[in-house]
Structures are given as C-alpha cells and as structure tokens.
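In what follows, a structure is listed as structure tokens, so that the remarks can point back to it.
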Amino acid sequence: MTKPRIYQPERRFAQKANAPGGITIAEALQRADRNVAAGRERYLGAVDAKLKIAVEQAKAEDETRLVELRSTASEVADLAGVYDLDELCAAATSLRHLLSTLIVGGGDPPWAAIRVHMDAMVSLRRPDISGNSQARAAVIEGLRQVVMRHGGEAG
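Our numbering applies: residue 5 is where the sequence shown begins, and numbers increase by one.
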C-alpha cells in the first residue's frame, strides 16, 4: 500500500499581504477614487457627444427619425446611469418613454415637449445646474409636468 501524498498549495496571497512595502485598503481605495475622478471628465465627453447627436436629431423635427431619436435618448440614459448622472438619466428616460408612446400610438409628434426634454438634458450638463441638486430636481419636476400634459408617464 502506498502512502497518500498531501498537497499543500503555496499561499502567495497571504505571503504578499504580509510582506513589507504594500499599501492598505484605504490607500488603494483613495487611489482608485483619484483615478476615477481624473478620468471622469473624459468619460463624460461620451455623454455629451451622444447628447449632441440627440439635439441634432430633435432639431430636424423629422417624424421618420423618431425611432432613431428614441434610440439615442436610450443611449444617453444608459451612459448617464453609468456615470451617476441620475437626473440626466431620468430626463433621457422620460424622452424615451414619450417617444415610445408616440411611436406605438401614432399621432402628431409633440415637438414642443421633445424640445423641452432636449433643453432640459442640455441644461442638466451645465455646471451651474449640474452642481445644484435643487436646480436638478426642479428640471425633473418640470419635465414630469410636461409629460403628464401629453398623457404619458415621466421616467
């Protein structure tokens, strides 16, 4: 009969964690926060680029491009959600719901309501509004009122 061999794996993580010269979890989190903050403005450029496309699509007031505008509004909402721009996400979602209702139900597009949504989304990216929680809340409340007038639900 042979003796069983017992395998003892090397515990590299434990060795590295106990080795001198490492950093603490708090330091690692601080570095991560600094890195995210440094890249935030660059990444927010993607939000602004999509928003600019949506503005151009809405300006055309072309009924044949409503599906395209809804898709772009959805992309703005998705990007805004990723970067914790909650009010911008809500405004873009509200526009998407408005357009979805219109596309499914038919009828004349409420261009004034669409323009209000676009203006709201652009405003929410302005520093004076994006840095003021009360101003952001007021913009969203205004959008809710506009959407309710058109028989929809605010997003």
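All residues carry an ideal CB built from backbone N, CA and C; glycine is no exception.
Item: Given VAL150, which residues of its chain have a CB within under 6 Å of its CB, disregarding the five upstream and five downstream residues?; Value: ALA117, VAL120
Item: State the DSSP-derived secondary structure class of ARG119, mapped to helix, strand or coil.; Value: helix
Item: Suppose the cutoff is 7 Å on Cβ atoms and the five residues either side in sequence are ignored; what does the same chain contact list for VAL59 look like?; Value: MET122, VAL126
Item: Cβ of VAL51 within 8 Å of Cβ of TYR87?; Value: yes
Item: For THR76, report the span of its alpha helix (DSSP H) as first-last.; Value: 70-86
Item: Measure the alpha-carbon distance for LEU3 versus ALA96 and round it to whole angstroms.; Value: Only positions 5 to 159 of the chain appear in the structure, and residue 3 is not among them; the question remains open.
Item: If the criterion is Cβ atoms closer than 8 Å, does the pair VAL71 and ILE107 meet it?; Value: yes
Item: Taking C-alpha atoms, which residue in ALA53, PRO114, ILE133 lies nearest to GLU3?; Value: In this structure the chain extends from 5 to 159, so residue 3 is not present and cannot be described.
Item: Buried or exposed: where does SER98 fall if 16 or more other Cβ atoms within 10 Å of its Cβ makes it buried?; Value: buried
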